[in-house]
Amino acid sequence: MPIDQSISLILTLIVSGIGTGMLFAMLGLAITLVFGLGGVLNLSIGMFSVIAVLVSVWLIQQFPHLGVALVAGVAAVAALGYLVDRLALRVVYRTEGDQRFLLGIFGTLGIGIFLEGIMQLQFTSPSRVPINFPPFSIGGIFFRMSTITIILVSIVVFAALFLFFSRTYKGQATRTIMQDEVGARLCGIDVRRLRTEVFVLSAVIAAIAGLLWGLNSGVSPATSFGLATYGILVSIAGGVTSIRETVAAGLVLGFASNFVATFVGSYWSNVVVFGLVIVAIAANPGRIS
Amino acid sequence: MNWRRYHLPVVLAILAIAPMPLFATGSDYWSRMLVLVVLFATMATAVNIAFGHTDQLLLFSGGMAGLSSYIVILVADALGVSPWVTLLLGAFIVGAIGYGIVYFAARLNMDLIGLSILTFAIQLVIIQLANGLIKVTGGVTGHSFEGLSIQPLLAPLGVNSTVAMYYWLLLVFGVVLVVYRRLIHSNYGLAFEVIRQDDVAAESAGVDVLRYKSIAGFVSLFILGFVGPFYSQLQSFVTPSLFSFNAIDVFVLIMLILGGLRTMYGPLVGAALLVYIDQLLTSAQQYRTAVYGLLLVVLFFYFQRGIVPWVETLLTDRLRLGERFGLDRRSEG
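The listed protein sequences correspond, in order, to chains U and X. Take 16 as the starting number for the first sequence in the working numbering and just add one per residue. Take 35 as the starting number for the second sequence in the working numbering and just add one per residue.
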């Protein structure tokens, strides 16, 4: 292979690796925030992403305004997140420790499966977010514009989250609860209310991640299990309560996934991603708690 | 009658005799359903040992039952022997994996969430490999499989293959229940109970927590590995999707919770109900997923006790049947 070509291949791979990594990081972050704050591993997260895509695509078919449809998709998922928190997580937060963990995973697993079943009634074939990007090249190297969009949008999302967690009262309160719940309560933080707000925030992050995912691949209700799996594994690999490490884990796994898919074969990429997570859990079991 | 002593033979005898009129009609529909009930009841009993009694949530029941199926079938093919010969090999390998994982996790003080996600990831790898290693496993379309039939032995009696399988699996289920009862009523059961309530306290009281947890892991996975191949036999195919998380783990956990954790007959009651619900839903196939999702939420939120403990309390406390007939509240064990 000529040098030019291999350099361009490597560059393309790096860019798409960052794209996948950013998506993994967003899904993982949606898990980490809720788990860190309340000990609930939200297995319905994949369905939140899927519903954002399905609602947006359906709206575009009704009246062709892309921006409105995308915002409405995210808003619908935010409302759904609020409902799930108020109706279901209310019961979960009444319990403690392992019991809360079990109620959390099976409750949200059930909610996810239920929503998947409801969505299947209406949407059966995979839909994509219908944006046609022109091909894009720098110095003769072609990039997928959709991947560039994914990277740019996720940078904006992460920057906004960074500002939220470092500059705002609510963001700092969230980090306080993640470190020490009793201490946070003593400082007068309304933990329950903040949990609701952060759950809605996580739903919004999942919705944006879903819409970005839908730029490159078709999304159907059945996609939700895979998306939830990525989110959970990324979050666990990153230690499940650390925002920074979750993002790092997402990037590493996203990179690994893309490289393996290109050089070895597409189905091996998931084997390697899941395998790396097993190694991460085994290497540092005490970190997850 | 001393109920506490004879309930197991009575229940098994009922399970053996009651379906005979149904079998006599020769319809495969009912016999298939009953095979599914005993098969899933056995799996749920296996999960009950690890999850119910030692609080170890192992989210790879499906993957391990599938792994055992593949081992049994592929090794039998390679050696040119009957799968009956390799059946125990599959169960032993899967049991050993269960032992190893649980030992490793307990050794490293991994908590509930670490172990559950670790096993979940292992399950995903197994299913992914089964999908991907097409030359070995046949990939998504799978491998046809008919080797575990005992019908040839019973054919002279005029028994069809599904009915033969029912009685064979009922025997397996019976043995599993005997093992379960002996286990729970021995020192092991006592140790499990102490470990489940507080493993640090158990350790300091001199209970070998590592050993008991690993043994629970081995027994649980050995049973799953033993019955897994019969699920393939029933479908006459082994495919990765047959043993996925949604197809086995979710199903078995719903059965166990619905019937009653830590009870002897909870798994049977749960399996019977769920197989029945599944049959009801065949005419409304499009709502199946939604109904299971809702069932899972409602069960975990509002009915974690399960049917068997609920009925027992009803019988003993409300109706005072216990006093009249000498029933004990813990009669299930």
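C-beta atoms are modelled at their ideal positions from N, C-alpha and C, and glycine is treated no differently.
In or out: residue i buried (at least 16 other Cβ within 10 Å) or exposed?
i       : result
M98(X)  : buried
R363(X) : Model confidence at R363(X) stands at a pLDDT of 49, short of 50, so the residue's coordinates are unreliable and nothing is read from them.
Y40(X)  : exposed
N57(U)  : buried
R168(X) : As written in the sequence, residue 168(X) is Ile, which differs from the Arg given in the question. I168(X) should be labelled exposed.
P53(X)  : buried
A175(U) : exposed
A155(X) : buried
P79(U)  : exposed
V286(U) : buried
V331(X) : buried
S317(X) : exposed
W6(U)   : Here chain U has residues from 16 to 304 only, and residue 6(U) is not among them.
S181(U) : exposed
Q157(X) : buried
V219(U) : buried
V170(X) : exposed
N143(X) : exposed
E366(X) : Any reading at E366(X) is ruled out, since the residue's pLDDT is 44, under 50, leaving its predicted position unreliable.
G304(X) : buried
D233(X) : buried
D195(U) : exposed
G240(X) : exposed
I170(U) : exposed
S65(X)  : buried
V44(X)  : exposed
S272(U) : buried
L159(X) : According to the sequence shown, residue 159(X) is Val rather than Leu. By the 10 Å Cβ count, V159(X) comes out buried.
DSSP on residue i, reduced to helix/strand/coil?
i       : result
H80(U)  : coil
S71(U)  : helix
V272(X) : strand
S31(U)  : helix
V294(U) : helix
S178(X) : strand
M298(X) : coil
N285(U) : helix
N143(X) : coil
Q338(X) : coil
N368(X) : This structure does not reach residue 368(X), given that chain X is present from 35 up to 367, and the question cannot be answered.
R352(X) : helix
G54(U)  : coil
V193(X) : coil
V115(X) : coil
S64(U)  : helix
I184(X) : coil
S102(X) : helix
Q88(U)  : Note on identity: in this sequence residue 88(U) is Gly, with Gln being the wrong assignment. Helix at G88(U).
S59(U)  : coil
G36(U)  : helix
G172(X) : coil
Could you tell me which chain C residues have their CB closer than 7 Å to the CB of residue i, listed as they occur along the chain?
i      : result
N82(X) : Annotation note: the requested chain C is absent from the structure, which comprises protein chains U and X.
Along the chain, where does the alpha helix (DSSP H) that runs through residue i open and close?
i       : result
N165(X) : L146 to G166
V144(U) : No alpha helix (DSSP H) contains V144(U), which DSSP labels as neither H nor E.
P300(U) : Unbroken run through P300(U): none, as it is neither H nor E.
F94(X)  : Counting along the chain, F94(X) falls outside any alpha helix (DSSP H), and DSSP gives it neither H nor E.
G119(U) : G112 to Q137
Y321(X) : It is not in any alpha helix (DSSP H) - Y321(X) carries neither H nor E in the DSSP assignment.
R109(U) : Careful: R109(U) lies outside any alpha helix (DSSP H) and carries neither H nor E.
Exercise. Of all the alpha helix (DSSP H) runs that stay within the bounds of the region 226-280 of chain U, which reach a length of 4 or more residues?
Worked result: Taken in chain order, the whole alpha helix (DSSP H) runs of length 4 or more contained in the region 226-280 of chain U are 238-252 and 258-278.
For this session: Could you name each continuous alpha helix (DSSP H) segment of 4 residues or more that falls completely within the region 38-92 of chain X, going from the start of the chain to the end?
Result: The qualifying runs are 54-58 and 62-81.
Problem set entry | Complete beta strand (DSSP E) runs within the region 149-211 of chain U (minimum length 3 residues, chain order) | Positions of the beta strand (DSSP E) runs, each at least 3 residues long and wholly inside the region 149-211 of chain U, are given as 151-153 and 156-158 in order along the chain.
Exercise. Curious, which full-length alpha helix (DSSP H) runs of at least 4 residues does the region 211-249 of chain X contain?
Worked result: Every unbroken stretch of the alpha helix (DSSP H) spanning 4 or more residues and falling wholly within the region 211-249 of chain X is given here in chain order: 221-231 and 233-238.
Problem set entry | Residues, ordered as in the chain, of the region 101-116 of chain X that lie near chain U by beta-carbon distance below 7 Å | Of all residues in the region 101-116 of chain X, none is placed with a Cβ closer than 7 Å to any Cβ belonging to chain U.
Exercise. Between the region 128-151 of chain X and chain U, which residues of the former have CB atoms less than 8 Å from a CB of the latter, in chain order?
Worked result: Against chain U - using a Cβ distance shorter than 8 Å - the residues of the region 128-151 of chain X are F138, A139, L142, N143, M144, D145, L146, I147, G148, S150 and I151.
For this session: Please name the residues in the region 90-110 of chain U whose beta-carbon is closer than 9 Å to at least one beta-carbon of chain X, in chain order.
Result: Contacts with chain X (Cβ-Cβ distance below 9 Å) from the region 90-110 of chain U involve A103, V106 and V107, listed in chain order.
For this session: Could you name the residues of the region 247-277 of chain X whose beta carbon sits closer than 9 Å to any beta carbon of chain U, in the order they occur along the chain?
Result: If the cut-off is 9 Å between Cβ atoms, the region 247-277 of chain X has nothing near chain U.
Exercise. Along the region 154-168 of chain X, what residues have a CB closer than 7 Å to any CB found in chain U?
Worked result: Of all residues in the region 154-168 of chain X, only A155, I156, L158, V159, Q162, L163, N165 and G166 come within less than 7 Å of chain U when Cβ atoms are compared, listed by chain position.
For this session: Below 8 Å between beta carbons is the criterion; list the residues of the region 114-144 of chain U that meet it against any residue of chain X, in chain order.
Result: If you check each beta-carbon in the region 114-144 of chain U against every beta-carbon of chain X, the ones closer than 8 Å belong to F116, L117, L118, I120, F121, G122, L124, G125, I126, G127, I128, F129, L130, E131, G132, I133, Q135 and L136.
Problem set entry | Proximal residues, the region 242-254 of chain U versus chain X, C-beta separation under 8 Å | Result list: T244, I247, L248 and I251.
For this session: Check distances from the C-beta atoms of the region 324-350 of chain X to those of chain U and list, in chain order, the residues that come in under 9 Å.
Result: Within the region 324-350 of chain X, the qualifying residues are A324, V325, Y326, G327, L328, L329, L330, V331, V332, L333, F334, F335, Y336 and Q338.
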